[in-house]
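Participant:
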Amino acid sequence: MSSKIEEEDKSFVIKTGQSLEGHLGTYEVGELLGEIVPIKILENSNEGREEFKAMKLIKDLDPDENNLMKFHERFSYDDATCLVYEILYVSLHMCLFKTHFHLYQIRAFAQQMFQALSGLKSIGVVHGDIKPDNILLVKNKSLRIKLIDFGFAKKANKLSIGTEIQVTPFRAPEVMLGLPLDESIDMWAVGSVLASLYNGGYLFPYDTEYDTIRAMVLVFSQVRLLKVRIRKMKRQQAL
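Those letters in the sequence shown? Residues 618 to 856, per this note's numbering, in order.
(1) Please return the same chain residues whose Cβ sits closer than 7 Å to the Cβ of residue 680, not counting the five positions on each side in sequence.
(2) Whose C-beta lies closer than 8 Å to the C-beta of residue 778 among residues of the same chain, with five residues either side of it excluded?
(3) What's the call for residue 698, buried or exposed, on a 16-neighbour Cβ count within 10 Å?
(4) Can you find at least 3 beta carbon pairs, one from the segment 703-717 and one from the segment 658-671, that sit closer than 8 Å?
(5) Per DSSP, residue 712 is paired with what?
(6) Exposed or buried, what is residue 644 when buried is set at 16 or more other beta-carbons lying within 10 Å of its beta-carbon?
(7) Using beta-carbon positions only, say whether residue 704 and residue 749 come within less than 9 Å of one another.
(8) Going by C-alpha to C-alpha distance, which of 709, 763, 745 sits closest to residue 729?
(9) Given residue 642, which residues of its chain have a CB within under 7 Å of its CB, disregarding the five upstream and five downstream residues?
(10) Quick one: what's got a C-beta closer than 6 Å to residue 784's C-beta in the same chain, skipping five residues either side?
(11) Taking only runs that begin and end inside the segment 741-812, name each unbroken alpha helix (DSSP H) of 4 or more residues, in chain order.
(12) Whole angstroms are fine: how far does the CA of residue 838 sit from the CA of residue 850?
(13) Can you tell which of 738, 828, 702, 822 has the C-alpha that lies nearest to the C-alpha of residue 774?
(14) Note down, in chain order, each residue of its chain lying with its Cβ closer than 7 Å to the Cβ of residue 672, except the 5 sequence neighbours on either side.
(15) Return the first residue and the last residue of the beta strand (DSSP E) that residue 692 is part of.
(16) Which of the three DSSP states is assigned to residue 825 in this structure?
(17) Could you tell me the distance, in whole angstroms, from the CA atom of residue 833 to the CA atom of residue 772?
(18) Just to confirm before moving on: does the CB-CB distance between residue 706 and residue 765 stay below 9 Å?
(19) Relative to the alpha-carbon of residue 790, which residue among 721, 827, 660 has its alpha-carbon at the smallest distance?
(20) Should residue 744 and residue 734 be called a contact, given that it needs their Cβ atoms to be closer than 9 Å?
(21) Is residue 810 closer than 9 Å to residue 731 when the C-beta atoms are compared?
(22) Cα separation between residue 683 and residue 710?
(23) Rounded to whole angstroms, what's the CA-CA distance from residue 661 to residue 695? Just pull it up for me.
(24) Excluding the 5 residues flanking residue 640 on each side, which residues of the same chain have their C-beta closer than 8 Å to its C-beta?
Here it is, written out as structure tokens:
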């Protein structure tokens, strides 16, 4: 019996009886255990070490209570680092442009993401790559979600000014402006994701930091102007 591990156009064949080196020790491939699991294959050994290091940072958090993807095991195969996770459904990115999300759904997602951020903050960890692609539904027709992909996760006290982190549409202003960084960059990313779900598209759909910052200034200046108008209306109504 053999099985294939596939990632895009790469495939590795694992045969029954073959020995694999796992972080729990050397073990032999047995018969199918009755559970389908995704295996992330990292051929760059540094990337594999960094992601495994990040998973060790969050190992004390309950993945179900904190809405984080469950990590099972790491093993090496043919010079690649293989990380075994629980299987989930599709990402919010896959739903974003073809699904109209209702407010009650967005509220449910928000509550779960805030719980995830609360858990990460309790151990001083920043995810650093929150975006719709990295938030997965647990199963079909469910509002349960989990945060995945901790390849950029770091201890908050290890974040330095100028750190290259987050994709541009979900990058916090302080990252782009070279300001001190902390867990709040994840909160910005979550807010941007929620706004994208409400809008049916990215709030800041730009590839460059210049265009993104310019759009932020425009959006938030309009918000301030609206607040001023509301205050004026309230004063007039009070007269």
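Built from N, CA and C at the ideal position, the CB exists for glycine as well.
Facilitator: This is what the structure gives:
(1) Indexing the sequence shown from 1 puts residue 680 at position 63. If we look at residue 680 and ignore the five residues flanking it on each side, its Cβ neighbours are 686, 687.
(2) For this step, residue 778 is matched to residue 161 along the sequence shown. Residues of the same chain with a CB within less than 8 Å of the CB of residue 778, apart from the 5 flanking positions on each side, are 795, 796, 797, 798 in chain order.
(3) Position 81 of the sequence shown, counted from the start, is the residue given in the question as residue 698. Classification of residue 698: buried, given that the 10 Å Cβ count is 16 or more.
(4) Touching, no.
(5) Locating residue 712 in the sequence shown gives position 95, counting from the first residue. Looking at the DSSP output, residue 712 shares a beta bridge with no other residue.
(6) For this step, residue 644 is matched to residue 27 along the sequence shown. Low local confidence applies: a pLDDT of 45 at residue 644 is under 50, so the model's placement there is unreliable, and no value is given.
(7) The residue labelled residue 704 in the question sits at position 87 within the sequence shown. The residue labelled residue 749 in the question sits at position 132 within the sequence shown. Taking 9 Å as the Cβ cut-off, residue 704 and residue 749 do not qualify as a contacting pair.
(8) The sequence position of residue 729 within the sequence shown is 112, counting from 1. Residue 729 has its Cα closest to that of 763, out of 709, 763, 745.
(9) As a working mapping, residue 642 is identified with position 25 in the sequence shown. With a pLDDT of 46 at residue 642, under the threshold of 50, the predicted position of this residue should be treated as unreliable, and no value is reported.
(10) Counting from 1 along the sequence shown, the entry for residue 784 is found at position 167. The answer, listed in chain order, is 748.
(11) 790-793
(12) Locating residue 850 in the sequence shown gives position 233, where the first residue counts as 1. Locating residue 838 in the sequence shown gives position 221, where the first residue counts as 1. The alpha-carbon atoms of residue 850 and residue 838 are separated by roughly 19 Å.
(13) Here residue 774 is taken as the residue at index 157 of the sequence shown, counted from 1. Of 738, 828, 702, 822, the residue nearest in Cα terms is 738.
(14) Start at 1 with the first residue of the sequence shown, and residue 672 comes out as number 55. If we look at residue 672 and ignore the five residues flanking it on each side, its Cβ neighbours are 688, 767.
(15) On the sequence shown, position 75 is the one that residue 692 refers to. Its beta strand (DSSP E) spans residues 688-694.
(16) The residue you call residue 825 lines up with position 208 of the sequence shown. The answer is coil: DSSP assigns residue 825 none of H, G, I, E or B.
(17) Here the question's residue 833 lines up with position 216 in the sequence shown. Here the question's residue 772 lines up with position 155 in the sequence shown. One C-alpha to the other measures close to 27 Å.
(18) Start at 1 with the first residue of the sequence shown, and residue 706 comes out as number 89. Start at 1 with the first residue of the sequence shown, and residue 765 comes out as number 148. For residue 706 and residue 765, no; Cβs fall outside 9 Å.
(19) Numbered from its first residue, the sequence shown carries residue 790 at position 173. Of the candidates 721, 827, 660, the one whose C-alpha sits nearest the C-alpha of residue 790 is 827.
(20) Position 127 of the sequence shown, counted from the start, is the residue given in the question as residue 744. Position 117 of the sequence shown, counted from the start, is the residue given in the question as residue 734. Contact flag set, yes.
(21) Translated into positions along the sequence shown, residue 731 becomes position 114. Translated into positions along the sequence shown, residue 810 becomes position 193. Result no, Cβ atoms of residue 731 and residue 810 do not sit closer than 9 Å.
(22) Residue mapping note: residue 683 aligns to position 66 of the sequence shown, counting from 1. Residue mapping note: residue 710 aligns to position 93 of the sequence shown, counting from 1. C-alpha separation (whole angstroms): 21 Å.
(23) Residue 661 sits at position 44 when you count from the first residue of the sequence shown. Residue 695 sits at position 78 when you count from the first residue of the sequence shown. Their Cα atoms are separated by approximately 12 Å.
(24) Locating residue 640 in the sequence shown gives position 23, counting from the first residue. Confidence at residue 640 is low in this model, with a pLDDT of 48, below 50, so its placement is unreliable and the value that follows should be read with caution. These residues qualify, in order along the chain: 669, 690, 691, 692.
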